[in-house]
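Residue numbers (our numbering): 1 to 202.
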């Protein structure tokens, strides 16, 4: 029997190097699933990296998009990621750039570290931090928000109001990300807000 990977067709978007990175992050994310859809977690990573690759041919940005949740959601260490990236034959400055971007895209103001802060306070501080990350990392974050907001609005309208408010706050800070993704996210946030408002009306 032939095994069919549900994300297979999308993998064709990636070059051989990027596919090796995808396999690496798949191993680390293991059996993780998307919260609402139950889809393999790599479907989110592919969606984010696909949008980034549409905007830029910068290898570091595409790889960082695939790796963007490694430090936040898996046990992968910096040493392990650096070692893997070096094993691909990437130049050291590219390896360092990717690692920096993954750190930039890792939430810092989490409940475990800041239990005394409310969610609203933590998210406000995170938005402020994201305003200072590199333009390349901001581009990945825009793609991340595009995928996440779509999924949450479709599957959890109640929580979506909170998430959209937080996403709008972050969006306002991501002024150095790719302009096309900024326009897409701005339009999507507006459309989704109007959709939720319409559902509330009698």
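Just so it is clear, CB atoms sit at the ideal spot from N, CA and C, and this is done for glycine as well.
In this text the structure is predicted, and so the values were computed from the model without any measurement.
Have a look at residue 6 and residue 141 and give me their C-alpha separation to the nearest angstrom.
Only weak support exists for where residue 6 lies, its pLDDT of 40 falling under 50; the value from the coordinates is given anyway. In a straight line, the C-alpha of residue 6 is about 24 Å away from that of residue 141.
Own chain, CB closer than 8 Å to residue 2, minus 5 neighbours either side, in chain order
Low confidence applies here, because residue 2 scores a pLDDT of 30, under 50, leaving its location unreliable; read the following figure in that light. Contacts found: none.
Straight-line CA distance for residue 181 to residue 66?
17 Å
Cβ of residue 44 within 9 Å of Cβ of residue 105?
no
Under three-state DSSP, which class holds residue 33?
strand
Simplified DSSP assignment, three categories, for residue 115:
coil
Which full runs of the alpha helix (DSSP H) of 4+ residues lie inside the stretch 69-146, going along the chain?
70-73, 78-87, 92-104 and 119-130
Taking its Cβ as the centre, do 16 or more other Cβ atoms sit within 10 Å of residue 18, making it buried, or is it exposed?
buried
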